[in-house]
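Visitor: Using the numbering used here, the first residue of the sequence shown is number 16, and each one after it goes up by one.
Using N, Cα and C, we set each Cβ at its ideal position, and we do this for glycine too.
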Amino acid sequence: MSQHLDEPTQISAGSANPECAYQHEDVERYYQANLEIENNRHHIEEAREQVAELEHSEAVELFKKQVGLLQKRLANDPQFFQQTFITEGTNAIAWEFQQDELGETFLHTLWGLMLRNDDMSTLLLRFLWNIPLKFKRKFVRAIDQHLSERYPMFKGLSEGWPGLNNIPPYIRPPHERADDFDLVNQGYMGYMGLGYSFREVELFVWLEVLRDKQCDDRPCELGLPKMDGGENEGGCPVKIHIPEMIHLMGEGKFKQAFQLIKEANPLPNVTGRVCPQEIQCQGVCTHNKRPIEIGQLEWYLPQSEKVLNATANFEIRDFVNPWSKADKPPIAVVGSGPAGMINAYLLSKEGYPVTIFEAFHELGGVLRYGIPEFRLPNELIDDVVMKVTRMGGKFVTNFIVGKTATLEALKRAGFWKVFIGTGAGLPRFMNIPGEHMNGILSANEFLTRVNLMKAHQEEYETPLPETKGKQVIVIGGGNTAMDAARTARRLGGKVTIVYRRTQDEMPARVEELHHALEEDIKLKVLRSPREFIGNDKNHFVTHALLDVMELGEPDASGRRRPLATGETEDIPVDLVIMALGNASNPIVKDAEPGLKTSKWGTIEIKSGSQETSIEDVYTGGDANRGGSTAIKAAGDGQAAAREIAGEIPFSRGEIKSLVASAERYTEQGQAPKKILEKIELAEGIVEFVVYAPLIAKSARAGQFVRVLGWDKGELIPLTLADWDAEQGTIDLVIQSLGSSSMKINQMEVGDVISGIAGPLGLPSQLHPYENGETVVFTAGGVGLPPVYPIMREHLRRGNHVTLISGFRTRDLMFWAEPDQRIGLLQAEFPELLDVIYTTNDGSFGIDGFVTGPLEEMLKNMKAGTGRTVGEVVTIGPPLMMRAVSDLTKPYGVKTVASLNSIMVDATGMCGACMVPVTIDGKMVRKHACIDGPELDAHLIDWDKFLPRFLQFRKQEDENKSRHGFG
Ligand code: FAD
């Protein structure tokens, strides 16, 4: 049989004319002699003679004629021949399959043909896909028996196949993977790393597909109906036609399968890796013991396409850029997570000019800053960005809707409709005693430091909490907890996950938990932190007191409620990562009074639609659902895109002008943040005038910006010293203290600051003081620049202001000359502005600290001999702010401190800028970036707050010496 398949031409040619049989010998001799000549063998002369002798024999003449005829027919009707081969081959194979078992030779030949990746091999795959299960089993038995030496993964495959056994994707062994950030689950493509060819891998995938039953009721796609008629259980949230996809793969049509899946889900390479398949498609698979690896098949398709042709996914035929075409009105997409990306991709594909506005300096949302690379390589997010870009989509990073611009401002800028895909980025905390301590941080902060800011890499600036060799506990049981735990493990931590229920109730993807445990991460279930205990000296956490829990009755989520038993357990800890889920970020909601939100802060949508309470504003993903999944976010983005692409109410001319305006606005947002002026104010203190037109347009007194000095720098908050909306510039004053500020201060005019986002925080609340009270500003050193615009605003509103500006020494003073900022204000408001200077060394003004003159004012006020102090605003070194707060408290004078604390994202997403505040005797967690930067100084628990500034002192010192500033 193997001869049939190996040499189909000879057999077909021979059997085409049975009358030739008696002349066979002559033809055979003639054929062999020609071979001798062709191959230049020893008896060449003899062969030539034989050819000459037989050349004109009847048999050879007839044979030649037939070959000629055959060639002609082959050229005219190739289909016929193909069919002949197919029928013959198939019959032969079918015959083999009738035998009790497939023979070794046959199997080897068959596998060899399947490996050829040609029409014949596709045909064989189709044949095997279509034969009844008992024959498939026979085939699998044969590869188990005869091929497992070459393919160890075939060994034992036939036991329980297809329901109980399969070839799993390649997962790097725990000892190899637990110390690096390379991909853990390498999928079927991972077998290529072990030396198997692309086609062999394709056949492994096909073998997985071969297990499929093509169920009539399609549970993997549609889910299973529930008895109570509620939403189906499981299934695919975006209704990928999974059975068809599998069918196409079963027939060897991998490209078509990829086309099919792309239509339903533009992110298969992402969702295939991160979807909780065990509760979706695979959770309802009728192979319930070992479901078909649908997730793996989903991402195999785009990944294999990428291996074959790295640019194939980005090739777009007949593409006309929607911005140049300008026949559809522009759309603004807010947030570049899966919801926003899909929305932008689909709308761009429909010909809409789209701009994505993203708060971070990098794109991808949680996929980039949350999910680590060992689970989802950043390269795949870059692919999505590339696809959107190729479709004409534009990106503006460092743009925070609700801060840089409101939704209304975006519409005014020319955007017809807006999609909000801002996610649910606000980390939850427990609000238990000791949670303010150093060494306790949110998973968002920890993961952002590592995934986005690359804090673990030497050449990056962002500090990383000490992890190596430390006792790390991660609180929570979801995907975030698993990612944080496995990241800490890779950074050398001894990690324990603490969860208040049992392993069965953990919401994490089963695979992630399984991998975490394999990587030697410990699990402490039925435990919940009650209190954190720390070191009195440096305020770093040292112990966690855990409540021992038990499970009670099910709660609203259907899971059994954890209840404290009254017992506790005390464990030593060095680092605590809180992974308790995320709530909605209030930035957009707070800026948009018309936007209806739920009691959890999620944006509400109209029934059966993705539209919000504001006309032409849509939403989806975590912004609407709360913490959910990537695929659901993608599904919402897709649904919203369908709705947005509705009837267009504009004329051609109107559309053109909207597009031109939105394009201008986008360009302004993308404009490099170039340094236009650099002024050395004093030693180590520099003022930069930077081009940032959209920030300048929205800036208000009291706000700050988040600055990324250079691409490997860290994100630091800097208060706005001034701005000019017309010139499109902002002023930043930076004192060289840490290595980041030192490096930025070395930049020159013409240099570009990598990223500036803002204006952030709440603007100052300015009260009118109409009875002659004075508003006192105590500014310590570079506290003066942020004080300046707030003070100016008070003066413009007619309030009396007393500025007490303190410096260490005269040489560090700035803006004090008559033609400089403070001098000019004095000239403009001579009646309203009193200025007092203090220096610590007495070299100028009053000898001492700002608290000296302040105390005198307060005493005079009390004695009725001086102005009433309406309020005090204090900005400067934390110790000075505390001293001012302590001083004013007994006088009952309202005191506001502007806090420039440790921040990462500065939009509420990380929780790093936590300020412990006491309200009604209870500690409440405030965040300087969203509740501040100005907070009531008398509510701040300074004893707890001040040590937070020392959290990364060691790392900062190391950074300084690394940059030669030590
Ligand atoms: P996001 O991905 O959160 O993206 C929102 C984007 O909007 C962000 O880039 C943000 O910076 C930006 N943004 C926010 N506010 C503004 C603003 N005002 N202006 C401009 N931009 C703004 N899901 C899974 O399915 N599988 C998993 O394995 C999984 N693992 C996870 C692991 C972690 C650590 C986390 C945190 C989540 C995980 N999830 C997982 C959940 C999943 O990532 C989210 O459900 C999904 O990313 C939500 O997508 P989204 O587009 O709605 O929002």
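1) With the cut-off set at 8 Å, would you say V540 and G508 are in Cβ contact?
2) Which partner residues does Q486 have in the DSSP bridge list?
3) Only counting the same chain, and skipping five residues up and downstream in sequence, which positions put a Cβ closer than 7 Å to that of P33?
4) I believe W176 touches R152 by the beta-carbon criterion, under 8 Å. Please report the beta-carbon distance rounded to the nearest angstrom.
5) So A655 packs on Y633, CB below 8 Å; how close in whole Å?
6) Should T437 be counted as a contact of ligand 1 given a C-beta to heavy atom distance under 7 Å?
7) According to DSSP, simplified to helix, strand and coil, what is N550?
8) Please identify the residue among G366, E377, V299 whose C-alpha is closest to the C-alpha of R405.
9) With L709 as the anchor, note down where its alpha helix (DSSP H) starts and where it stops.
10) Just to confirm before moving on: does the CB-CB distance between L735 and R721 stay below 8 Å?
11) Going by C-alpha distance, which of W738, Q94, L723 is nearest A716?
12) Is the distance from the Cβ of I357 to the Cβ of Q653 below 8 Å?
13) Which stretch, first to last residue, makes up the beta strand (DSSP E) that contains G795?
14) Would you decide whether N915 is buried or exposed? Buried here means 16 or more other CB atoms lie within 10 Å of its CB.
15) Who pairs with G821 in a beta bridge, going by DSSP?
16) Less than 8 Å between the CB atoms is what I'm expecting for K877 and Y906, so what's the real figure, rounded?
17) With DSSP as the reference, label E973 as helix, strand or coil.
18) By the 10 Å Cβ neighbour count, where 16 or more other Cβ atoms means buried, how is Y37 classified, buried or exposed?
19) Evaluate Q966 with the Cβ neighbour count: other Cβ atoms within 10 Å of its Cβ, from every protein chain shown; 16 or more gives buried, anything less gives exposed.
20) Check this for me: beta carbons of V556 and G449, under 8 Å apart or not?
21) Run through DSSP, which three-state label would I415 get?
22) T793 and V911: beta carbons closer than 8 Å?
23) Using only alpha-carbon positions, find the residue among E565, Q47, K758, I255 that is nearest to G581.
24) Does the stretch 878–895 come into contact with the stretch 780–788, if we say contact requires no fewer than three beta-carbon pairs (one atom in each stretch) closer than 8 Å?
25) Going by C-alpha distance, which of A531, T482, Q625 is nearest G492?
26) Grouping DSSP H, G and I as helix and E and B as strand, with all else coil, what is S173?
27) Using the C-alpha atoms, what's the distance from I182 back to P306?
28) Considering only residues of the same chain and omitting the five flanking positions on each side of K552, which have a CB-CB separation below 8 Å?
29) Using CA coordinates, which residue listed in N180, D397, D197 is at the minimum distance from I186?
30) Got a sec: does ligand 1 put a non-hydrogen atom nearer than 7 Å to the Cβ of P291?
31) Taking Y226 and H302 to be in contact with their CB atoms under 8 Å, please state how far apart those CB atoms are, rounded to whole angstroms.
32) Using DSSP with H/G/I as helix, E/B as strand and the rest coil, what is L827?
33) Exposed or buried, D535, counting other C-beta atoms within 10 Å across all chains shown (16 or more means buried)?
34) Assuming E373 contacts T412 (C-beta within less than 8 Å), just tell me the rounded distance between them.
35) Which residue from M135, Y206, R44 puts its Cα closest to that of M168?
Guide: Taking the geometry as given:
1) Your numbering for residue 540 matches position 525 in the sequence shown. Your numbering for residue 508 matches position 493 in the sequence shown. Contact annotation: V540 and G508 have beta-carbon atoms that are not nearer than 8 Å.
2) Mapped onto the sequence shown, residue 486 falls at position 471. As DSSP reads the structure, Q486 sits in a beta bridge with K509.
3) Here residue 33 is taken as the residue at index 18 of the sequence shown, counted from 1. Confidence at P33 is low in this model, with a pLDDT of 44, below 50, so its placement is unreliable and the value that follows should be read with caution. Non-local beta-carbon contacts of P33 in its own chain, meaning distances under 7 Å to residues more than five positions away in sequence, are absent.
4) Working through the sequence shown from its first residue, we reach residue 176 at position 161. Working through the sequence shown from its first residue, we reach residue 152 at position 137. Yes, W176 and R152 are in contact; Cβ-Cβ is about 7 Å, under 8 Å.
5) Here the question's residue 655 lines up with position 640 in the sequence shown. Here the question's residue 633 lines up with position 618 in the sequence shown. Contact between A655 and Y633 holds, with the beta-carbon distance rounding to 4 Å and staying under 8 Å.
6) By 1-based counting over the sequence shown, the position of residue 437 is 422. Between ligand 1 and the CB of T437, the shortest heavy atom gap is smaller than 7 Å.
7) Here residue 550 is taken as the residue at index 535 of the sequence shown, counted from 1. Coil.
8) Position 390 of the sequence shown, counted from the first residue, corresponds to residue 405. Nearest option by C-alpha distance: G366.
9) For the purposes of this step, residue 709 is taken as the residue at position 694 of the sequence shown. DSSP places L709 in the uninterrupted alpha helix (DSSP H) bounded by 708–713.
10) In the sequence shown, the residue the question calls residue 735 occupies position 720. In the sequence shown, the residue the question calls residue 721 occupies position 706. Cβ atoms of L735 and R721: not closer than 8 Å.
11) Indexing the sequence shown from 1 puts residue 716 at position 701. Measuring from the Cα of A716, the nearest candidate turns out to be W738.
12) In the sequence shown, the residue the question calls residue 357 occupies position 342. In the sequence shown, the residue the question calls residue 653 occupies position 638. Pairing I357 with Q653 gives a Cβ-Cβ distance under 8 Å.
13) As a working mapping, residue 795 is identified with position 780 in the sequence shown. It spans 789–795 - the beta strand (DSSP E) in which G795 sits, taken as one unbroken run.
14) By 1-based counting over the sequence shown, the position of residue 915 is 900. Residue environment analysis places N915 among the buried positions, since at least 16 neighbouring C-beta atoms fall within 10 angstroms of its C-beta.
15) If you number the sequence shown from 1, residue 821 lands on position 806. In the DSSP output, where bridge partners are listed per residue, G821 has G795, T853.
16) Along the sequence shown, read from residue 1 onward, the residue named residue 877 stands at position 862. Along the sequence shown, read from residue 1 onward, the residue named residue 906 stands at position 891. Contact annotation, K877 with Y906: C-beta distance approximately 7 Å; criterion of less than 8 Å satisfied.
17) In the sequence shown, residue 973 corresponds to position 958, counting from 1. Of the three classes helix, strand and coil, the one that applies to E973 here is helix, per DSSP.
18) In the sequence shown, residue 37 corresponds to position 22, counting from 1. Only weak support exists for where Y37 lies, its pLDDT of 49 falling under 50; the coordinates are left without a value.
19) Here residue 966 refers to the residue found at position 951 when the sequence shown is read from its first residue. With 16 or more Cβ atoms within 10 Å of its Cβ, Q966 is classed as buried.
20) On the sequence shown, residue 556 is found 541 positions in, with the first residue counted as 1. On the sequence shown, residue 449 is found 434 positions in, with the first residue counted as 1. It is a contact, given that the beta carbons lie within the stated cut-off.
21) Taking the sequence shown and counting its residues from 1, one reaches residue 415 at position 400. I415: coil per DSSP, three-state reduction.
22) For the purposes of this step, residue 793 is taken as the residue at position 778 of the sequence shown. For the purposes of this step, residue 911 is taken as the residue at position 896 of the sequence shown. No, the pair does not count as a contact, with Cβ atoms beyond the cut-off.
23) Here residue 581 is taken as the residue at index 566 of the sequence shown, counted from 1. In terms of Cα proximity to G581, the closest of E565, Q47, K758, I255 is E565.
24) Contact between the stretch 878–895 and the stretch 780–788 is present: 3 or more CB-CB pairs across the two stretches fall below 8 Å.
25) As a position in the sequence shown, residue 492 is number 477, starting the count at 1. Taking the Cα of G492 as reference, the smallest distance to any Cα among A531, T482, Q625 is reached at A531.
26) Residue mapping note: residue 173 aligns to position 158 of the sequence shown, counting from 1. In this structure, S173 counts as coil in the three-state DSSP scheme.
27) On the sequence shown, position 291 is the one that residue 306 refers to. On the sequence shown, position 167 is the one that residue 182 refers to. I182 has its alpha-carbon roughly 12 Å from the corresponding atom of P306.
28) For the purposes of this step, residue 552 is taken as the residue at position 537 of the sequence shown. Excluding residues within five positions, none has a Cβ falling inside 8 Å.
29) Numbered from 1 along the sequence shown, position 171 holds the residue referred to as residue 186. I186 has its Cα closest to that of D197, out of N180, D397, D197.
30) As a position in the sequence shown, residue 291 is number 276, starting the count at 1. Relative to ligand 1, the beta carbon of P291 is positioned inside 7 Å of a heavy atom.
31) The residue labelled residue 226 in the question sits at position 211 within the sequence shown. The residue labelled residue 302 in the question sits at position 287 within the sequence shown. Position check: residue 226 holds Arg in this sequence, whereas Tyr was assumed. Confirmed, about 7 Å.
32) Here residue 827 refers to the residue found at position 812 of the sequence shown. Look at L827 here: in three-state DSSP terms it is helix.
33) Mapped onto the sequence shown, residue 535 falls at position 520. Counting other Cβ atoms within 10 Å of its Cβ, D535 stays below 16 and is therefore classed as exposed.
34) Sequence index remark: in the sequence shown, residue 373 carries index 358 (1-based). Sequence index remark: in the sequence shown, residue 412 carries index 397 (1-based). Right, the Cβ-Cβ distance comes to about 5 Å (below 8 Å), so this counts as a contact.
35) Counting from 1 along the sequence shown, the entry for residue 168 is found at position 153. Nearest of M135, Y206, R44 to M168, Cα basis: Y206.
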